[in-house]
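Visitor: Protein chains in written order, with the numbering used here: chain W, 31 to 324; chain A, 419 to 875.
So that we are looking at the same thing, I have put the structure below in structure tokens.
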Amino acid sequence: MRAAVLAALLAALLDGCASQVLSIRTVPDQTPAADNAAAAANAAAFADAVAAESANSSAQEAQDAPPLLTPADAPSMYTYDPWERLNRFTYRFNARFDEAIFLPVADTYRRAPAPIRAGIHNFFGNLAEIDSVINYTLQWRLKYGWRSFTRLAINSTIGIGGLFDVATKLKLPGTPTGFATTLAKWGMHPGPYLVIPLLGPSTLRDGVGFLGDYGAEYGINVAGLYRGNVSWGVGTVNAIDQRANINFRYYSGGSPFEYETIRFLYVRRRLIEDEGLHPKEPVKKTADEVPAGK
Amino acid sequence: MMSARLKLIPFALILSVVAAGAAVAAGQVEPPQSTSQTPAQSAPPSPGPAIGLADSAGLRATVFGTPPQDMAVLPAKVPLSEINAELPWRLPVPQVLWFDAKLRVWLSAQDKPAPLAIVISGTGSDGNTKTISVLRAALYGAGYHVLTMPSPTSPAFIVSASSTGVAGDLMRDGKDLYAAMQEIIAHLPRKVRVTDIDLVGYSLGGAHAAIVKSIDATEHKLKIHRVVMINPPVSLFSSVGRLDRLFAAAIGPGDQAVELLYRRLYAQIANLYRASDRLELDENFLLGAGAATLKTDAEFSAAIALTFRLQLVDMFFIGDLYGKTGVVTDPAHPPKVSDSLEGIQRDLRAKPFADYFARVFAPYYLKRRPDATSASLIASNRLDIITDTLRNDGDYYAQTTSNDLILNKSELAWLQDTLSARIVVYDHGGHLGEIGDRQQVADMLDMLSGSWPRSTQ
Numbered sequence: 031m032r033a034a035v036l037a038a039l040l041a042a043l044l045d046g047c048a049s050q051v052l053s054i055r056t057v058p059d060q061t062p063a064a065d066n067a068a069a070a071a072n073a074a075a076f077a078d079a080v081a082a083e084s085a086n087s088s089a090q091e092a093q094d095a096p097p098l099l100t101p102a103d104a105p106s107m108y109t110y111d112p113w114e115r116l117n118r119f120t121y122r123f124n125a126r127f128d129e130a131i132f133l134p135v136a137d138t139y140r141r142a143p144a145p146i147r148a149g150i151h152n153f154f155g156n157l158a159e160i161d162s163v164i165n166y167t168l169q170w171r172l173k174y175g176w177r178s179f180t181r182l183a184i185n186s187t188i189g190i191g192g193l194f195d196v197a198t199k200l201k202l203p204g205t206p207t208g209f210a211t212t213l214a215k216w217g218m219h220p221g222p223y224l225v226i227p228l229l230g231p232s233t234l235r236d237g238v239g240f241l242g243d244y245g246a247e248y249g250i251n252v253a254g255l256y257r258g259n260v261s262w263g264v265g266t267v268n269a270i271d272q273r274a275n276i277n278f279r280y281y282s283g284g285s286p287f288e289y290e291t292i293r294f295l296y297v298r299r300r301l302i303e304d305e306g307l308h309p310k311e312p313v314k315k316t317a318d319e320v321p322a323g324k
Numbered sequence: 419m420m421s422a423r424l425k426l427i428p429f430a431l432i433l434s435v436v437a438a439g440a441a442v443a444a445g446q447v448e449p450p451q452s453t454s455q456t457p458a459q460s461a462p463p464s465p466g467p468a469i470g471l472a473d474s475a476g477l478r479a480t481v482f483g484t485p486p487q488d489m490a491v492l493p494a495k496v497p498l499s500e501i502n503a504e505l506p507w508r509l510p511v512p513q514v515l516w517f518d519a520k521l522r523v524w525l526s527a528q529d530k531p532a533p534l535a536i537v538i539s540g541t542g543s544d545g546n547t548k549t550i551s552v553l554r555a556a557l558y559g560a561g562y563h564v565l566t567m568p569s570p571t572s573p574a575f576i577v578s579a580s581s582t583g584v585a586g587d588l589m590r591d592g593k594d595l596y597a598a599m600q601e602i603i604a605h606l607p608r609k610v611r612v613t614d615i616d617l618v619g620y621s622l623g624g625a626h627a628a629i630v631k632s633i634d635a636t637e638h639k640l641k642i643h644r645v646v647m648i649n650p651p652v653s654l655f656s657s658v659g660r661l662d663r664l665f666a667a668a669i670g671p672g673d674q675a676v677e678l679l680y681r682r683l684y685a686q687i688a689n690l691y692r693a694s695d696r697l698e699l700d701e702n703f704l705l706g707a708g709a710a711t712l713k714t715d716a717e718f719s720a721a722i723a724l725t726f727r728l729q730l731v732d733m734f735f736i737g738d739l740y741g742k743t744g745v746v747t748d749p750a751h752p753p754k755v756s757d758s759l760e761g762i763q764r765d766l767r768a769k770p771f772a773d774y775f776a777r778v779f780a781p782y783y784l785k786r787r788p789d790a791t792s793a794s795l796i797a798s799n800r801l802d803i804i805t806d807t808l809r810n811d812g813d814y815y816a817q818t819t820s821n822d823l824i825l826n827k828s829e830l831a832w833l834q835d836t837l838s839a840r841i842v843v844y845d846h847g848g849h850l851g852e853i854g855d856r857q858q859v860a861d862m863l864d865m866l867s868g869s870w871p872r873s874t875q
């Protein structure tokens, strides 16, 4: 299995020819007509979203409005990053790994027929639903836990082992959650910013959450997919599927400040999500000189 | 199991789009008129700082781009190759810029002999932006091979292809760009058969396209045929000065002003999110939040000004590093990979282009051009250094708008006078917000094929 994975990686690396001056790599076709049609279709959804946001907020004002954040409540522009030197090295390693191996492999994978890729994506999404059921329960958000459980039941049976996402078609869309969000719900701060090898931006809390998710998967070991030799293949395909569905390129704009930008955005996004986990509680106010995340 | 975390990255980038104000970004949609009647928006928009020829509609079009329903018919599929080029004249690469060592351009090749259209990006941008994608699709659909290139002011170009490291000089950057084009075209695979070469550039890239053709007219290395400039500046430094004033007016002076803007945006987005009952901060949420956050002219202006300023920060830092001008970096001890650059970024966010000119650009060039003065450097960065060529050579064309914030009245008049029938001025679009609409694409293709002006006009 490991040999097969290595062979696939090598094949992807050698894909594309190189001359002294130029190296040329074919990337997936662009689909402008479909993209524009999708954008046009989004127009309605977009208008709905705007209307829903304003209707929602005015309805909320009428009822028990959650206390509003003021600009003074916003976390510092600085981010808590005591391990910055190590993080920066890891970030560079991740960028190089992505450029040399992960991304070329994902690009090759993207040439596989769309229905096959959709099946693989749905399959892993369905497996992740198990972890979501556990964590929604730990977060005591039973409504969503039940929804994840129903999705798991429907997609594993009617959806033929998760290959088809029937539940979403039945208007039961999923939102995965994990142990990191559970820790946040329990009141844990993000803590120090952490760049994890191969995985990318995280925080200490989210990193622990990732280990928790992995531990749960390993412990449950659904269909024997998570232990032994087969786990290598499963993990690799899962990783490639994830990468192929992420529209991100390290240093695509070439900015010298990408590390700062990504760190800033990652932590702000998580902090806003944390606020959303406790919508009725007063805002956690931190002193201006405390860096965000601490 | 892998990378539940990785999934967060693109969303973070979308947040950056909102935060940095390109908001819902070109390619997304302006909220339909009906939504502007919601109570929250019924108050008359406060008159924000208009700048150049910009008006309210122009500011919005600049942020949102062409609405999808107005988009020209684009092909279903466009093949794409990424080309990384190692250029022989590249200067030593500073350690902190290791990732910019190769010039990255993008090629969409026809499988039969065809003319090649080279598209040049705007200030600070790489060769694969959303604007570029639209132009690429339109040109490829019309039968061109399309090669898209970063702006000579973008970090990757400065590091991989600039002969100075200090960007912003129209002629010097144009020569570097011309040299890079030759190198790439000479090494294209043989199956790409090129019958003719045309240039398209937008924003600052428009000025670069014109300069490159004028250089080629004496050097004959590429035999560039026609050029279409889209929303070009006339005086580079006047246009940039307008964006600096926009920043000062819409955001305020210094980094405290940026921090205030950040705090306001954070609170607004967090409040919307708390009220929304959502489980994750995803793209759809941010689309709504972007529209709910950007309402007034001042807010659109702030978004545009901040986007530009963040590009300037990159160019400033790199220029200071290469020019050894010591504004934010110590020439004797340049920063290393493990060093934090946050302080530098913060310092530079507060600095307008005028500071880049006075403390990096002018010192660098005055040292190397003994006859030059600050005034002559400014004068040499105007499109009118090739007035006669623009006036007399029928192969230069332009498309611009009557509400472009980077131009003023006299500059627009100069463009119209100089190019006469070879310029079209749209009444909508602001800066680049007309790119991709049916009329713009049809006109651009007519210009490139030499069938402009149309006989009916």
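The beta carbon of each residue, even a glycine, is placed where N, CA and C say it ideally should be.
Among the residues of its own chain, which have a CB less than 7 angstroms from the CB of L234 of chain W, if the five just before and after it don't count?
Guide: Only G221, P222, L224 meet the Cβ criterion.
Visitor: Tell me which residue opens and which closes the alpha helix (DSSP H) that N156 of chain W is part of.
Guide: 144-168
Visitor: Tell me which residues of the stretch 496-508 of chain A have at least one Cβ-Cβ distance to chain W shorter than 7 angstroms, keeping chain order.
Guide: V496, P497, L498, S499, E500, I501, N502, A503, E504
Visitor: When DSSP labels each residue in this structure, what does L617 of chain A get in the three-state scheme?
Guide: strand
Visitor: Taking P573 of chain A as the query, report the chain W residues whose CB atoms sit under 8 angstroms from its CB, ordered along the chain.
Guide: G283, G284, S285, P286
Visitor: W524 of chain A lies in the beta strand (DSSP E); which residues open and close that run?
Guide: 521-526
Visitor: Using 9 angstroms as the threshold, is the C-beta distance between E852 of chain A and A479 of chain A below it?
Guide: yes
Visitor: Could you run through the stretch 128-161 of chain W and flag, in chain order, every residue whose CB is less than 7 angstroms away from some CB of chain A?
Guide: Of all residues in the stretch 128-161 of chain W, none comes within less than 7 angstroms of chain A when Cβ atoms are compared.
Visitor: Leaving aside the five residues before and after Y280 of chain W along the sequence, list all residues of the same chain whose C-beta is less than 6 angstroms from its C-beta, in chain order.
Guide: Cβ neighbours of Y280 of chain W beyond the five flanking positions: A125, D128.
Visitor: Counting Cβ pairs, one atom from each stretch, are 3 or more of them under 8 angstroms apart for the stretch 593-604 of chain A and the stretch 779-789 of chain A?
Guide: As far as the Cβ criterion goes, the stretch 593-604 of chain A does not touch the stretch 779-789 of chain A, which means the pair count is below three.
Visitor: On the CB-based measure, 16 or more other CB atoms within 10 Å of its CB, does L99 of chain W come out buried or exposed?
Guide: buried
Visitor: In angstroms with no decimal places, state the Cα-to-Cα distance between D45 of chain W and A503 of chain A.
Guide: Because the pLDDT at D45 of chain W is just 49, under 50, the model does not fix this residue reliably, and the value given afterwards should be weighed accordingly. For D45 of chain W and A503 of chain A, the distance between alpha carbons rounds to 17 angstroms.
Visitor: Consider the Cβ of T212 of chain W: report whether some Cβ of chain A lies at a distance smaller than 9 angstroms.
Guide: no
Visitor: Report the residue from A:D864, A:R663, A:V646, A:Y774 whose alpha carbon sits nearest the alpha carbon of D811 of chain A.
Guide: A:V646
Visitor: Taking just the CA atoms, how far does N165 of chain W sit from A440 of chain A?
Guide: Its pLDDT being 35, under 50, A440 of chain A is placed unreliably by the model, and nothing is read from it.
Visitor: Closest Cβ-Cβ distance between F119 of chain W and chain A: below 9 angstroms?
Guide: True, the Cβ-Cβ gap to chain A drops below 9 angstroms.
Visitor: Residues of the stretch 168-184 of chain W with a CB closer than 9 angstroms to any CB of chain A: list them in chain order, please.
Guide: R171, Y174
Visitor: Using a beta-carbon distance below 9 angstroms, is E290 of chain W in contact with chain A?
Guide: For E290 of chain W, a Cβ of chain A is located within less than 9 angstroms of the residue's own Cβ.
Visitor: Cα separation between W305 of chain W and M107 of chain W?
Guide: Note on residue identity: the sequence assigns Glu, not Trp, to residue 305 of chain W. Straight-line Cα distance between these residues: approximately 17 angstroms.
Visitor: Which of helix, strand or coil does DSSP assign to V442 of chain A?
Guide: Model confidence at V442 of chain A stands at a pLDDT of 31, short of 50, so the residue's coordinates are unreliable and nothing is read from them.
Visitor: What does DSSP give as the partner residue(s) for M489 of chain A in the beta ladder?
Guide: Per DSSP, the beta bridge partners of M489 of chain A are A:D855.
Visitor: Determine, using beta-carbon pairs with one atom in the stretch 740-758 of chain A and one in the stretch 644-659 of chain A, whether at least three such pairs fall under 8 angstroms.
Guide: no
Visitor: Under 9 angstroms Cβ-Cβ, which residues of chain A neighbour D195 of chain W?
Guide: Those within 9 angstroms of D195 of chain W in chain A number zero; the least Cβ separation is about 17 angstroms.
Visitor: Near Y596 of chain A, what residues of its chain come up, given a Cβ to Cβ distance below 8 angstroms and the 5 sequence neighbours on each side ignored?
Guide: V630, I633, D634, E637, K639, L640
Visitor: Measuring alpha carbon to alpha carbon, tell me which of A:R681, A:Y684, A:L525, A:F575 ends up nearest G540 of chain A.
Guide: The shortest Cα separation from G540 of chain A among A:R681, A:Y684, A:L525, A:F575 belongs to A:F575.
Visitor: List the endpoints of the continuous beta strand (DSSP E) containing R55 of chain W.
Guide: First-last of the beta strand (DSSP E) with R55 of chain W: 52-60.
Visitor: Just list the alpha helix (DSSP H) runs in the stretch 775-854 of chain A, keeping only unbroken ones of 4 residues or longer that don't cross its boundaries, in chain order.
Guide: 780-786, 792-797, 805-810, 827-837
Visitor: Alpha carbon to alpha carbon, what distance is there between L801 of chain A and R590 of chain A?
Guide: Those two C-alpha atoms are separated by around 14 angstroms.
Visitor: So, D236 of chain W versus V496 of chain A, is the Cβ gap smaller than 9 angstroms?
Guide: no
Visitor: List, in order along the chain, the chain B residues whose C-beta lies closer than 7 angstroms to that of T61 of chain W?
Guide: The chain labelled as chain B is not found among the protein chains of the depicted structure, namely W and A.
Visitor: Would you check if the distance between the CB atom of N277 of chain W and the CB atom of P486 of chain A is smaller than 9 angstroms?
Guide: no
Visitor: Using a cut-off of 9 angstroms between C-beta atoms, extract the partners of N165 of chain W located in chain A.
Guide: When 9 angstroms is used as the limit between beta carbons, N165 of chain W is near no residue of chain A, the shortest such separation being about 11 angstroms.
Visitor: Indicate the three-state DSSP secondary structure (helix, strand or coil) for P395 of chain W in the structure shown.
Guide: Since the displayed chain W opens at 31 and closes at 324, residue 395 of chain W lies outside it and no answer follows.
Visitor: In three-state terms, what does DSSP make of Y901 of chain A?
Guide: In the structure as shown, chain A starts at 419 and stops at 875, and residue 901 of chain A therefore has no counterpart that could be examined.
Visitor: Taking C-beta pairs closer than 9 angstroms, name the residues in chain W that L595 of chain A reaches, listed in chain order.
Guide: Those within 9 angstroms of L595 of chain A in chain W number zero; the least Cβ separation is about 16 angstroms.
Visitor: Whose Cβ in chain A lies nearer than 9 angstroms to the Cβ of A70 of chain W?
Guide: V447, P485, P486, Q487, M489
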